[in-house]
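First up is the structure itself, then whatever we jot down about it.
There are 2 protein chains.
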Amino acid sequence: MSELKVYNSLTREKEIFTPITQGHVGLYVCGPTVSGESHLGHARPYVTFDIVYRWLMHLGYKVRYVRNITDAGHFEEEGRAAEDKISKKAVLEKLEPMELVQKYTNLYHWAMHQLNNLDPTIEPTATGHIVEQIGMIEKIIADGYAYVVNGSVYFDVAKYNADFSKKNEPYGMLSGRVLDEMIATTRDLDNQDEKHNTADFALWKNAPPQHIMHWKSPWGVGFPGWHIECSAMSTKYLGNEFDIHGGGMDLLFPHHECEIAQSNVCNNKIPARYWIHNNMITINGRKMGKSYNNVITLTQLFSGNHPLLQQAYHPMVIRFFILQTHYRSTLDFSNEAL
Amino acid sequence: MSELKVYNSLTREKEIFTPITQGHVGLYVCGPTVSGESHLGHARPYVTFDIVYRWLMHLGYKVRYVRNITDAGHFEEEGRAAEDKISKKAVLEKLEPMELVQKYTNLYHWAMHQLNNLDPTIEPTATGHIVEQIGMIEKIIADGYAYVVNGSVYFDVAKYNADFSKKNEPYGMLSGRVLDEMIATTRDLDNQDEKHNTADFALWKNAPPQHIMHWKSPWGVGFPGWHIECSAMSTKYLGNEFDIHGGGMDLLFPHHECEIAQSNVCNNKIPARYWIHNNMITINGRKMGKSYNNVITLTQLFSGNHPLLQQAYHPMVIRFFILQTHYRSTLDFSNEAL
């Protein structure tokens with residue numbers, strides 16, 4: 001019998017997929033932040049969800065596959081004032097931020113085609129949906145779940161949690177985290193003083209004078225938070241409730257947890273029914289990261305031009321290698337394994 | 339001697355190109371409206387300006403080449419109420435407008451690569467710059483050169499012409515048209531009753547209920563006019579005054595004339611110093627047009643799958659053919675000529 005059976009991160013159970021609207025599927029997958037080149041870690045979710053997309057089409061569904069491009073709002077997760085990754089990298093590369101975005105979006109598209117991933121049906125950008133993000137933030141403020149401080153807007157996680165726990169929809173329902181514990185342990189990321197609570201997150205950030213990407217808003221000149229873009233774009237193109245939300249496991253918290261909270265306030269719905277997360281890639285047994293000097297970009301992988309690589313690997317070899325391991329298991333990458 | 343000598347549509351003279359900032363060039367070229375497949379008529383400007391772009395780089399300039407995607411606001415030029423081409427086609431193809439946009443943007447990119455055109459350094463979209471367009475419209479209204487009627491905003495061409503003629507910058511300075519004659523002869527395009535004057539053009543249109551693409555604005559829900567997008571995007575990425583503005587000769591009036599007026603009000607500058615326009619393509623001696631049944635898309639051209647084609651033509655043959663004729667002459671396309 002042809003069907004899709006998936007592990008749903010939201011219910012923590014394997015479930016047989018049934019669509020909201022017969023014959024149609026709305027699928028949202030978090031796309032890349034185009035502040036740099038796509039690396040091996042980016043290959044896995046897009047190959048994984050390419051298979052989900054193809055399988056759904058094979059089952060006869062008409063699929064609207066939305067995969068965004070984050071070209072603004074993804075903060076550097078450091079202890080200083082919020083600065084988004086695009087702006088920071090643009091200064092380093094001496095490019096207008098949108099030149100940087102174009103450069104890495106083009107490279108990303110090239111790599112996706114090399115890996116034989118089908119294009120999504122809609123590929124919206126964060127900067128292309130500032131109006132919609134502002135609209136959602138206005139609604140969240142009006143409903144009392146966000147507050148404005150010095151031209152920035154923060155989501156009030158404690159109030160959300162208190163109210164929505166009554167509906168059995170606490171903040172943490174996806175990740176299983178408990179708010180009280182988070183408050184005690186959260187590292188603070190940006191302008192702690194402005195937040196009522198360390199677990200609160202930015203919906204809109206006031207733009208400091210040196211910030212080159214900014215837009216006019218009801219709260220002054222600034223830029224949107226990372227989480228709100230996905231809520232705005234998934235709502236716009238897939239509606240208040242859609243079928244499948246996918247992404248890497250690293251996005252489950254806080255990104256997807258925040259998406260649920262924002263969309264739930266605005267639309268009175270948990271945005272997606274099925275939440276699918278692929279596991280991470282390790283390299284020679286270690287987590288990939290700048291500090292380990294083991295970030296291999298896709299152009300390096302396809303050309304063999306990296307100290308950790310013994311040879312070039314054809315994109316189809318990489319695709320096959322990724323698909324040999326179950327998407328919910330970690331996948332260790334090494335020259336030997338390949 | 340290596341230089342660029344161009345015919346400047348603005349001065350109606352051949353001039354030696356000198357940049358505003360030594361070593362740098364800002365180049366803006368009007369991109370396609372992605373409501374349908376690119377056709378032979380689209381190939382010519384993009385091949386032409388690809389040569390300009392390559393030549394400028396060959397001369398050692400660092401070029402910022404901005405070529406937009408019109409994914410909203412391009413009105414159907416018919417006698418009925420304004421409806422943009424994307425929305426209309428989306429209904430026909432039973433697609434969400436942004437699915438339609440994605441489909442034809444992907445096809446356009448594919449065709450541009452087939453023709454060996456380099457990617458622009460920034461490829462902004464109209465829907466991605468709603469905030470900036472609204473900002474410019476607010477400024478034009480504040481300065482007294484636009485008026486609001488029933489949620490739509492129109493540019494006051496007569497007032498602009500009266501005031502800016504004193505600076506020797508009349509409406510018509512690019513095209514050589516005279517406003518009084520235009521008023522007498524202009525076909526009216528949309529909601530004539532709302533306009534003070536037939537030559538006025540829409541900066542923002544109130545969205546009728548059936549219009550599926552719309553955004554919130556200070557004037558209510560609506561969508562931007564076509565001309566304002568290019569003014570907003572060229573200003574954002576190239577500044578108040580940049581070097582070269584290019585496009586097909588069919589865009590010279592009204593599109594580029596309107597761009598000059600809008601930007602001049604907002605920035606107190608004629609936006610570009612050099613205006614370069616390529617001439618049109620004819621097919622077997624006739625203008626290309628739906629009514630002549632001679633619109634050949636690029637996929638048809640490369641595959642030979644069109645009643646007017648005797649064979650498939652390789653994209654490099656098309657590129658060579660386009661470049662054999664001077665860009666300011668009409669180019670007649672026929673199987674024999676190819």
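So the sequences go chain by chain: Z and S.
Going by this note's numbering, 174 is the number at position 174 of the first sequence; the sequence numbering is gapless.
Here this note's numbering runs 338 ahead of the position in the second sequence, where the first position is 1.
Heads up, the beta-carbon is just placed ideally off N, CA and C, and yes, glycines get one too.
From a predicted model like this one, the values you see are computed outputs, not experimental measurements.
(1) Within the continuous alpha helix (DSSP H) that includes F580/S, where are the two ends?
(2) Note down, in chain order, all residues in the segment 547-574 of chain S with a beta-carbon under 9 Å from any beta-carbon belonging to chain Z.
(3) Just mark H380/S as buried or exposed, buried being the case when its beta carbon has 16 or more other beta carbons within 10 Å.
(4) Got a sec? Which residues, its chain only, sit under 8 Å from Y612/S by beta carbon, not counting five neighbours each side?
(5) Please identify, using Cβ separations under 9 Å, the residues of the segment 430-455 of chain S that lie next to chain Z, in order along the chain.
(6) Between which two residues does the beta strand (DSSP E) holding K352/S run?
(7) With distances taken from CA atoms, which of L676/S, N673/S, E674/S and H664/S is nearest V390/S?
(8) If you draw a straight line from the C-alpha of K159/Z to the C-alpha of Y145/Z, how long is it?
(9) Do we get a CB-CB distance below 8 Å when we pair D457/S with the residues of chain Z?
(10) Please confirm whether V401/S and L453/S have their CB atoms less than 8 Å apart.
(11) Secondary structure at N529/S, three-state DSSP: helix, strand or coil?
(12) What does the Cβ neighbour count give for K625/S, buried or exposed, with the cut at 16 atoms within 10 Å?
(13) Residues in the segment 362-377 of chain S with C-beta within 8 Å of chain Z's C-beta atoms, listed in sequence order?
(14) Kindly indicate if chain Z contains any beta-carbon less than 8 Å away from that of G627/S.
(15) According to the Cβ coordinates, are L669/S and I656/S closer than 8 Å?
(16) Note down, in chain order, all residues in the segment 483-513 of chain S with a beta-carbon under 8 Å from any beta-carbon belonging to chain Z.
(17) Whose Cβ in chain S lies nearer than 7 Å to the Cβ of T127/Z?
(18) Using a Cβ-Cβ distance under 8 Å, would P315/Z count as near chain S?
(19) Quick check on DSSP: helix, strand or coil for P562/S?
(20) At a CB-CB cut-off below 8 Å, which residues of chain S make contact with P241/Z?
(21) Going by Cα to Cα distance, which pick from I212/Z, K216/Z, L203/Z and P218/Z is closest to C230/Z?
(22) For I122/Z and chain A, any beta-carbon pair shorter than 8 Å?
(23) Alpha carbon to alpha carbon, what distance is there between N279/Z and R328/Z?
(24) Assuming S263/Z is part of the alpha helix (DSSP H), what are its boundary residues?
(25) Counting only the same chain and skipping the five closest in sequence on each side, list residues whose C-beta sits under 7 Å from that of T371/S.
(26) From the DSSP secondary-structure annotation, give me the bridge partner or partners of N544/S.
(27) Rounded to whole angstroms, how far is the Cβ of F333/Z from the Cβ of I283/Z, which I believe are closer than 8 Å?
(28) Is H129/Z buried or exposed, if buried means 16 or more other CB atoms sit within 10 Å of its CB?
(29) Is it true that the CB of N206/Z sits closer than 8 Å to the CB of G339/Z?
(30) Return the Cβ separation of I122/Z and Y237/Z in integer angstroms, given the expectation that the two are a contact with Cβ distance under 8 Å.
(31) Using a Cβ-Cβ cut-off of 6 Å (strictly less than) and excluding sequence neighbours within five positions of E257/Z, which residues of its own chain qualify?
(32) For the putative contact between N643/S and E507/S, defined by C-beta atoms under 8 Å, what is the C-beta separation to the nearest angstrom?
(33) By the three-class DSSP mapping on this structure, what secondary structure does A610/S have?
(34) Could you compute how far the alpha carbon of A537/S sits from the alpha carbon of M474/S?
(35) Going by the CB atoms, is the gap between Q638/S and N673/S shorter than 8 Å?
(36) Taking E597/S as the reference, give the member of S555/S, V495/S, L646/S and P653/S with the closest Cα.
In terms of the structure at hand:
(1) Taking the first residue of the second sequence as position 1, residue 580/S is located at position 242. No alpha helix (DSSP H) contains F580/S, which is instead part of the beta strand (DSSP E) from F580 to G586.
(2) W553, K554, S555 and K574
(3) By one-based count along the second sequence, residue 380/S stands at place 42. Per the 10 Å Cβ criterion, buried.
(4) To locate residue 612/S, count along the second sequence from 1; it is residue 274. So the list reads V344, N346, L348, E353, F355, D581, I582 and H583, once near-sequence residues are dropped.
(5) L433, E434, M436, E437, V439, Q440, K441, T443, N444 and H447
(6) Indexing the second sequence from 1 puts residue 352/S at position 14. Its beta strand (DSSP E) spans residues E351 to I354.
(7) Stepping through the second sequence from its first residue, residue 390/S is reached at position 52. Taking only the C-alpha atoms, the option nearest V390/S is H664/S.
(8) Here the question's residue 159/Z lines up with position 159 in the first sequence. Here the question's residue 145/Z lines up with position 145 in the first sequence. When rounded, the distance between both Cα atoms is 7 Å.
(9) Position 119 of the second sequence, counted from the start, is the residue given in the question as residue 457/S. Yes, contact with chain Z.
(10) The residue labelled residue 401/S in the question sits at position 63 within the second sequence. The residue labelled residue 453/S in the question sits at position 115 within the second sequence. No, they are not a contact pair.
(11) If you number the second sequence from 1, residue 529/S lands on position 191. Bear in mind that a pLDDT of 49 at N529/S, under 50, signals an unreliable position, so the model cannot answer this.
(12) As a first step, residue 625/S must be located in the second sequence, where it is residue number 287. Exposed is the call here.
(13) none
(14) Taking the first residue of the second sequence as position 1, residue 627/S is located at position 289. By this cut-off, G627/S is not an interface position.
(15) Within the second sequence, the letter at position 331 stands for residue 669/S. Within the second sequence, the letter at position 318 stands for residue 656/S. No. Outside cutoff.
(16) none
(17) Stepping through the first sequence from its first residue, residue 127/Z is reached at position 127. Correct list: G466.
(18) Within the first sequence, the letter at position 315 stands for residue 315/Z. Not one chain S Cβ lies under 8 Å of P315/Z.
(19) The sequence position of residue 562/S within the second sequence is 224, counting from 1. Three-state result, P562/S: strand.
(20) Residue numbering aside, residue 241/Z sits at position 241 when the first sequence is read from its first letter. The sequence as given places Glu at residue 241/Z; Pro does not occur at that position. Simply none; closest approach about 16 Å.
(21) Locating residue 230/Z in the first sequence gives position 230, counting from the first residue. The candidate whose alpha carbon is nearest that of C230/Z is L203/Z.
(22) Checking the listed chains, one finds no chain A in this structure; the protein chains it contains are Z and S.
(23) Working through the first sequence from its first residue, we reach residue 328/Z at position 328. Working through the first sequence from its first residue, we reach residue 279/Z at position 279. Computed Cα separation, rounded: 5 Å.
(24) The residue given as residue 263/Z occupies position 263 in the first sequence. Its alpha helix (DSSP H) spans residues E257 to N267.
(25) Reading the second sequence from its first residue, position 33 is the one you call residue 371/S. Here the set comprises T408, H412 and K423.
(26) Locating residue 544/S in the second sequence gives position 206, where the first residue counts as 1. N544/S is bridged to G560/S.
(27) Residue numbering aside, residue 333/Z sits at position 333 when the first sequence is read from its first letter. Residue numbering aside, residue 283/Z sits at position 283 when the first sequence is read from its first letter. Sure, about 5 Å apart at Cβ, within 8 Å.
(28) As a first step, residue 129/Z must be located in the first sequence, where it is residue number 129. That one is buried.
(29) Because chain Z is modelled from 1 through 338, residue 339/Z falls outside the range shown and cannot be assessed.
(30) Along the first sequence, one-based indexing puts residue 122/Z at 122. Along the first sequence, one-based indexing puts residue 237/Z at 237. I122/Z to Y237/Z, Cβ: 5 Å. Contact.
(31) As a first step, residue 257/Z is located in the first sequence; it is residue number 257 there, counting from the start. The answer, listed in chain order, is L174 and S175.
(32) Here residue 643/S refers to the residue found at position 305 when the second sequence is read from its first residue. Here residue 507/S refers to the residue found at position 169 when the second sequence is read from its first residue. The pair is not a contact, with the Cβ atoms about 48 Å apart (cut-off 8 Å).
(33) As a working note, residue 610/S is residue 272 in the second sequence. In this structure, A610/S counts as strand in the three-state DSSP scheme.
(34) Mapped onto the second sequence, residue 537/S falls at position 199. Mapped onto the second sequence, residue 474/S falls at position 136. Rounded to whole angstroms, A537/S to M474/S spans 20 Å at the Cα level.
(35) Reading the second sequence from its first residue, position 335 is the one you call residue 673/S. Reading the second sequence from its first residue, position 300 is the one you call residue 638/S. Their beta carbons are not under 8 Å apart, which means N673/S does not touch Q638/S by this criterion.
(36) Mapped onto the second sequence, residue 597/S falls at position 259. Nearest option by C-alpha distance: V495/S.
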